[in-house]
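Peer 1:
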């Protein structure tokens, strides 16, 4: 079968032939439909995976995926069920409190592997064998958009954690700001639209631009960071009750403290490299305290967030995904899906469509 | 009546004569028993109050207080009830959503006054008139320790907010660290003793020292920051699940990110001055995200926290307060209560004792 991988010491995706996996007991054979590409995939290519799966000199890429059950292999699934795999896996067969209680997203580095990212093969292949306990079923009619379940689940978790931090008091947030106009930022902006009177999205693009079009069609205000840097946002638009940081720009957490309204919260999702710079730490400390502000780091997501993401996916408008899915590449011509251009919002590799599999 | 005030342009406390207040409708006349002094009082003296009460060139000091009802003035209170006043007051008679819903602690600067701190007289006087809605009753047998209700309530809120941020997942914290060995830090250490297997308190004092004695009597480990700076704490003692910052040292929030265990949280309470310094913001950002860490700023407390503080006060051992209350000064000889010495942990001014008032 075809698989898109990164090899040891290489930094480009490659299409290779691999044997079709043979599912172990408790595993389902999934025929992949679509696999998305995000910033993490680009980092895996650039820096190499955290580690390669034991014994292998390649890593199958991809952690955002949707597929269809080809062989239930004695599990509760049925052939034709549309499924999304979760990302984290146990490191070994030993006890792992985080996985044992269904919270692999809370397992620290060193206590998990991540499919397509570190230590475990990803989903960018025609077939994948996945433990039934690491699959979430989604409605067949959402199959084409199913590739968004994983990124939405990551936002579900971040929003859940940020909101929880505000739960001891009567928080009535009105203004939300998303830092970053990539696919994840735009989907999150759409998620926040239901809850907030005013939503804003920060980017650094000139018009005309497809992401700015999506931002405005969502009823949000585009903020060009070259004109209005984050610390100046309150003056221009008012303080933000909730800020969602998805750029990985290292200064954002610190700049965001100033951009928050009193009692506001920042959810941090980006993973920047080391970068030393000056901050007025005294004023930021005081600002956090006297205005009851919070910074919440969040990574990954668990099955509960995946299930919530399926509901969110159903609720979001279809046009959004049509606009976001700018690049649908075949595995034999995957290069455009890994290219970087301002016209591209979300790129995916399509291994099969549901109609292909129904024909069988 | 006697009152201890700071005058405009002065930086020393002064004992002056003021007319005994005449309670308005809905106000109770409280005879003060004891009023505590904390870092905020020293800041008010040094920098001046945020503002003086309208029309006055002096501010009655003190926001940690316990008193006894002298005249219920038609309210639901009875003469002899022991009461603790809360600290924040409305700015004016206009609507104020925060006060309306019982959450003055969430009112941002500009939406409240603080007794003894900014815009409203404090409690360091023989008599104070307080709205019945700004009083919390405490058991008579806790009267002597009642001065600790306000500081404990501040910690109750900070702990509540920090814990809430960890509520979406199964958090089983084991190690807690209090930054600061002042009275507030020591009381909080005692509060955390119930919940944590291992508690630590950071200070910068040489032995023998009365605060280190209290730390060790509580079963906690003293960490000398000159020997083990905050970022090195995990190496020495393990990562901390919860860090409570009460020093106002501007670098603590940033250093604490490193000292946290995965999924840990820092509650920030200090209010430092502006101070610009370098941080590796990229690594701190990544650390917050990949380890699901959080920073929660918290200020003040509301009536719910005061009520919880009364329960906490009842549960904490009596010896603790005997050890903490190193200085009990009469109003006519208040100077030692405002002095700064390593032998002093908590200083209070005692205007009356419950037995004085019972004699009446």
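Protein chains in written order, with the UniProt record's numbering: chain W, 1 to 360; chain Z, 1 to 360. For glycine and all other residues, C-beta sits at the position ideal for the given N, C-alpha and C. Nothing here was measured: the structure is a model prediction, and the numbers come from that model.
1) Three or more beta-carbon pairs under 8 Å between the segment 300-307 of chain Z and the segment 84-98 of chain Z, yes or no?
2) For residue 136/Z versus residue 321/Z, is the C-beta distance shorter than 7 Å?
3) At a Cβ cut of 7 Å, what residues of the segment 256-273 of chain Z count as close to chain W, listed as they run along the chain?
4) Using CA coordinates, which residue listed in 18/Z, 48/Z, 195/Z, 252/Z is at the minimum distance from residue 180/Z?
5) Applying the criterion that 16 or more other CB atoms from any shown protein chain within 10 Å of the CB defines a buried residue, is residue 107/W buried or exposed?
6) Per the DSSP calculation, residue 294/W is bridged to which residue(s)?
7) Run the CB neighbour count on residue 208/Z, radius 10 Å, all protein chains shown included, and call it buried at 16 or more, exposed below.
8) Given 8 Å as the limit, is there contact between the segment 55-66 of chain Z and the segment 23-37 of chain Z, that is, 3 or more CB pairs closer than that?
9) Would residue 261/W and residue 241/W qualify as a contact pair, given that the criterion is a beta-carbon distance under 7 Å?
10) Kindly list, in the order they appear in chain W, the residues whose Cβ is closer than 7 Å to that of residue 296/Z.
11) On the premise that residue 31/Z lies in contact with residue 357/Z, defined as a C-beta separation below 8 Å, what is that separation, rounded to the nearest angstrom?
12) From residue 290/W to residue 258/Z, what does the alpha carbon distance come to, in whole angstroms?
13) Taking residue 79/W as the reference, which of 267/W, 95/W, 29/W has the closest Cα?
14) Excluding sequence positions up to five away, which residues of its chain have a Cβ less than 6 Å from the Cβ of residue 244/W?
15) Can you find the residues in the same chain that come closer than 7 Å, C-beta to C-beta, to residue 48/W, ignoring five residues on each side of it along the sequence?
16) In terms of alpha-carbon separation, which member of 27/W, 19/W, 2/W, 43/W lies closest to residue 380/W?
17) Is it the case that the segment 202-216 of chain Z contacts the segment 349-356 of chain Z, given that we only count it when at least three CB pairs across the two stretches are under 8 Å?
18) If I measure Cβ to Cβ from residue 122/Z and keep anything under 6 Å in the same chain, skipping five residues before and after, which residues do I get?
19) Looking at the secondary structure, which residues open and close the alpha helix (DSSP H) in which residue 117/W lies?
20) Tell me, to the nearest whole angstrom, how far the beta carbon of residue 120/W is from that of residue 168/Z; I am working on the premise that it is less than 8 Å.
21) Considering only C-alpha positions, which residue in the set 317/W, 340/W, 330/W is nearest to residue 142/W?
22) Count the other CB atoms within 10 Å of the CB of residue 55/W; is the residue buried (16 or more) or exposed (fewer)?
23) Which of the three DSSP states is assigned to residue 67/W in this structure?
24) Let me confirm a value: residue 182/W is counted as buried when at least 16 other C-beta atoms fall within 10 Å, else exposed. Which label applies?
25) Taking just the CA atoms, how far does residue 192/Z sit from residue 326/Z?
26) Which residue wins for smallest C-alpha separation from residue 72/W, given the options 57/W, 58/W, 127/W?
27) In terms of alpha-carbon separation, which member of 288/W, 246/W, 249/W lies closest to residue 274/Z?
28) I'd like to know if residue 202/Z contacts chain B, where contact means its C-beta is closer than 7 Å to some C-beta of that chain.
29) Let's see if you can read the secondary structure: which residues bound the beta strand (DSSP E) around residue 85/Z?
30) Is it buried or exposed for residue 277/Z, if we count other Cβ within 10 angstroms and need 16 for buried?
31) Step through the CB atoms of chain W and report whether any lies within less than 7 Å of the CB of residue 276/Z.
32) For residue 365/Z, write down the residues that DSSP places opposite it in a beta bridge.
33) Please confirm whether residue 288/Z has its beta-carbon closer than 7 Å to some beta-carbon of chain W.
34) With DSSP collapsed to three states, give me the class of residue 249/W.
35) Using beta carbons (cut-off 7 Å, strictly below), is residue 360/W in contact with chain Z?
36) Output needed for residue 91/W: all residues of its chain with C-beta closer than 7 Å, excluding positions within five of it in sequence on either side, in chain order.
Peer 2: Let me lay it out:
1) yes
2) no
3) 262, 263, 268, 269, 270, 271, 272, 273
4) Taking each of 18/Z, 48/Z, 195/Z, 252/Z in turn and checking the Cα distance to residue 180/Z, the smallest one comes out for 252/Z.
5) buried
6) According to DSSP, residue 294/W shares a beta bridge with 265/W, 296/Z.
7) exposed
8) Judged by Cβ distances under 8 Å, the segment 55-66 of chain Z makes contact with the segment 23-37 of chain Z, as three or more pairs qualify.
9) yes
10) 165, 294
11) The pair is a contact, with the Cβ atoms about 6 Å apart (cut-off 8 Å).
12) 23 Å
13) 29/W
14) So the list reads 178, 188, 267, once near-sequence residues are dropped.
15) none
16) Outside the shown range of chain W (1 to 360) lies residue 380/W, about which nothing can therefore be said.
17) no
18) 60, 61, 62, 63, 115, 116
19) Residue 117/W: not part of any alpha helix (DSSP H); DSSP gives it neither H nor E.
20) Not a contact, Cβ separation roughly 25 Å.
21) 317/W
22) exposed
23) Strand.
24) buried
25) 22 Å
26) 127/W
27) 288/W
28) Protein chains W and Z are contained in the structure displayed, whereas chain B is not.
29) 82-85
30) exposed
31) yes
32) Coverage of chain Z is limited to positions 1 through 360, which leaves residue 365/Z absent and any answer about it impossible.
33) Cβ-Cβ to chain W under 7 Å: yes for residue 288/Z.
34) Here residue 249/W carries a coil assignment [DSSP, helix/strand/coil].
35) Annotation note: pLDDT 47 at residue 360/W (below 50); position unreliable, coordinate value reported separately. It does not: the Cβ of residue 360/W has no partner Cβ on chain Z nearer than 7 Å.
36) 111, 112, 113
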